[in-house]
Every structure is written in structure tokens, then in C-alpha cells.
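Since the structure comes first, as C-alpha cells, the remarks are kept for the end.
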Amino acid sequence: MVPENSNKRVQRASRTIGKGTGTPEEIREARDVLSNYRLAHAFPLNAVTVTVRQRALEVNPNAVVAERRKRLPTILDKLKRHPTMSVTTMQDLGGCRVVFDTVAEVNELINVLVELPRSKNRVKRVYDYLRDDPGPRDSGYRGVHLVYEYGASKKEYHGLRIELQVRTLLQHAWATAVETMDLFSGSELKYGKGDADVLRFFALVGSLMAYEEGTTPVPGAEGRREELAAELARLEASIGVLERLRGYAAIVGEHAKTDRRNTLTLELWRTKGQLTVTVHETLAAAEARITELEALDEEDLDAVLINIARISQLRDAYPNYFADTGRFTAFVEACLRKDV
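Everything in the sequence shown is counted per the numbering used here, starting at 131 for the first residue and increasing by one.
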């Protein structure tokens, strides 16, 4: 698939979707334009991944390398959240990820790729979320991103950008846990949106992981490790994030491989730590149940509707899902034991 539209047309299509003001026909055409632009990233993504995989395995033969294109519904949702944005400025339509054991291995790969001689696919920018430029995100996210611009033999793909994320196992475990919480609680923690205590919980864990790996702590969570662990213990006792993650993992295990197109409703009573999962045959039945729960107006109750297909997508995005969430839980439990 090659790009079939000019950048100007792609930008117009982005505005049409973002503002939602076009006719049904205009919106359909805009979706087609954006779909083509997304699919066109497959070739440059593969080209970058081939190089990255070769170099990553030279650093550590057990490195995990994966590639993935951003899904069209995700792109459309982002444009609706940011109506002035264009997909031509999105650097992660095609994404490659490498997961290593240590920060030293992350650093080694980054240095190799940035200094790679004769590479036609150029590294345009390095975002270091471990140390500085720009440093860890307030959410607690940590890792290193490289933005590539394709410039090799196929001229029709020139200028398309690919994002490479390089993380350690701990950093990836944190990201997996956040994705899980966002899916099952309906929050947007990775965008800094959600329950303030849960946001603080993940910022604290991010800082404790940074101390463990000898990198820069998360802004707003730079205290001594003992202080951070004590605050984390208080939050866990109050909001029970680990218990939620265990419950969510059980749901993923049960429903991730199903072929059914049903919808789930989740009812989480935070104080009691009680999680109830109901499978509904129709979307209408699930929506009716959510309406009933919301009518209770209980601050202690989280009620969320989830399409089973999204659980499968979570497993696809995080193939080592259970190992990653287990690693996150084990790390937090170790921090809490030290505080006791």
C-alpha cells in the first residue's frame, strides 16, 4: 500500500474528522484517506524494524522486538480529542518496540542506532524519558523514543515517520499496568486523566522504578525511597490497585481468546475490593445495566462497559501480558514489604 493522497488532502481529512462537521459522505471519504495514510506506513515500519531487530539482538539475544500500526479507531479518537491535529504530525502511526533487561542495554542500542553509518532511514529525534530531554513524564512513564524518517529506496514512502520505543522490563511492566487500568476502569491515566489517587500511585511506582534503575525520578515524586514507599503503602491500602490488577488479569485470561462478540460490564466496589463481571449478549443489555449502576450515584462504585474484542487487542499489544503485569505487581509488593 502506497500513499495515494497529498499531505494537504490528508490534513483536510484530519480536520473533517476532528471537527465532525462534514456530511456523511465527506466523513466516509476522510476516513478512507486516513486509512490509506495509516496503511502506507507498513512498508517503512517493516524496513525500520528489520534494522532495529538485528541490532537489538546483537545487544541481547533475548530482547523482545515487536511492531504495530496504530489502529484506525485510535487515530480517529485522537483527532476528535484534538480537532486541530493532523495525522501527518503523528509520529507513531507505525511503531516498533524493543524491551531489554537493563538500562545499560537500552543505552547501548540507542547509541548504536543514532550513530549507524550509511543508514538511509534517519533518526530525526530522540526523546529521552529516562534522564532529560524531556525526562520522565508526570504520569510516571519512562523509556526512550526514537523518531525515524524513511528515506531509503522507495521514494513514494519518503518522509513517513516511524516511532521506536525502547524500554526495560520494569518500564514495560509499568506501561502494561497502566494500559490495563485504562481499559478496565475507563480512565486515561496515560494522558494524565483519571482518579487523582490512582494517578499518584503510578507516579510513585514510576519514581521507585527509576531509583531501582539509577535514572531520574518522576517530577513531583522526587523524595527519598522510604518516603515514596510509605506514601505508596497508604494509597494501596485506600484504593487497592494491586487487587484490581489481579482481578483484571483473571478477566483477560478468561475472555482474551474468545471468538464471541459480547460485551462485559464490570462493577468494582472499591472499599470492599469486590469485582463483579457480567457477560451480556447484546450491547443494549450492557448499556441498560450501566445506566442502572450509574443511577445508584455511589462514589465507591466504578462501573465500566467493555467490548470483549478490546481485551483481545490488549493481549495482542502486550504478548507477554501476564508476565508483565506479574512483574509490576511483584515490584510494588517488594516496595511495600520494605516499608512495613
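For glycine and all other residues, C-beta sits at the position ideal for the given N, C-alpha and C.
Presumed contact (8 Å Cβ cut-off) between residue i and residue j, rounded CB distance
i           : j           : result
residue 419 : residue 401 : Not a contact, Cβ separation roughly 21 Å.
residue 278 : residue 252 : 7 Å
residue 433 : residue 423 : 4 Å
residue 259 : residue 271 : 6 Å
residue 369 : residue 407 : At roughly 19 Å, the Cβ-Cβ gap does not stay under 8 Å, so residue 369 and residue 407 are not in contact.
residue 393 : residue 425 : Between residue 425 and residue 393 the Cβ distance is about 19 Å, and since that is not below 8 Å, they are no contact.
residue 135 : residue 163 : 5 Å
For residue i, the nearest candidate out of the options (CA to CA)
i           : options               : result
residue 140 : 214, 425, 378 and 376 : 214
residue 235 : 365, 256 and 194      : 194
residue 458 : 365, 185 and 299      : 299
residue 429 : 399, 376, 341 and 265 : 399
residue 102 : 290, 243, 421 and 454 : Here the chain covers residues 131 to 470 and nothing more, so residue 102 does not appear.
residue 275 : 376, 243, 393 and 364 : 243
residue 339 : 233, 187 and 183      : 233
residue 295 : 316, 239 and 246      : 239
residue 377 : 397, 365 and 231      : 397
residue 314 : 375, 323 and 335      : 375
residue 170 : 185, 154 and 198      : 198
residue 413 : 431, 427 and 437      : 437
residue 241 : 442, 292 and 186      : 186
residue 250 : 371, 357 and 284      : 284
residue 207 : 227, 150, 254 and 184 : 150
residue 435 : 421, 179 and 254      : 421
residue 463 : 183, 247, 354 and 367 : 367
residue 246 : 286, 184 and 317      : 184
residue 371 : 142, 334, 342 and 341 : 334
residue 131 : 263, 286 and 154      : 286
Close-in-space but distant-in-sequence residues of the same chain around residue i (CB under 6 Å, 5 per side omitted)
i           : result
residue 461 : none
residue 181 : none
residue 297 : 229 and 273
residue 385 : 438 and 441
residue 322 : 269
residue 227 : 196 and 295
residue 316 : 434
Close-in-space but distant-in-sequence residues of the same chain around residue i (CB under 7 Å, 5 per side omitted)
i           : result
residue 319 : 269, 308, 311, 312, 328, 329 and 332
residue 146 : 152, 156, 157 and 160
residue 288 : 280 and 281
residue 306 : 448, 451, 454, 455 and 458
residue 355 : 338 and 341
residue 409 : 392 and 394
residue 325 : 317
Neighbour flag for residue i against chain B, beta carbons, 9 Å
i           : result
residue 467 : Absence of chain B from the displayed structure is noted, only one protein chain being present.
Contact under 9 Å by Cβ, residue i with residue j
i           : j           : result
residue 344 : residue 452 : no
residue 177 : residue 282 : yes
residue 440 : residue 348 : no
residue 346 : residue 456 : no
residue 205 : residue 217 : yes
residue 165 : residue 202 : yes
residue 302 : residue 446 : no
residue 175 : residue 292 : yes
residue 362 : residue 465 : yes
Same chain, Cβ closer than 8 Å to residue i, five either side skipped, listed in chain order
i           : result
residue 200 : 168, 220, 222, 223, 224 and 225
residue 352 : 337
residue 148 : 209, 210, 212, 213, 214 and 215
residue 192 : 231
residue 467 : none
residue 431 : 397, 398, 399, 400 and 423
residue 254 : 277, 278, 279 and 291
residue 411 : 392
Start-to-end residues for the alpha helix (DSSP H) that takes in residue i
i           : result
residue 336 : 326-343
residue 145 : 137-149
residue 254 : No alpha helix (DSSP H) contains residue 254, which is instead part of the beta strand (DSSP E) from 252-258.
residue 421 : 413-425
residue 312 : 299-315
residue 359 : 355-369
residue 189 : 172-189
Extent of the continuous beta strand (DSSP E) run through residue i
i           : result
residue 162 : That residue, residue 162, is in no beta strand (DSSP E); its alpha helix (DSSP H) goes 154-169.
residue 225 : 224-230
residue 197 : 194-199
residue 405 : 404-410
residue 393 : 393-399
residue 433 : 431-437
residue 428 : Here residue 428 belongs to no beta strand (DSSP E), and DSSP marks it neither H nor E.
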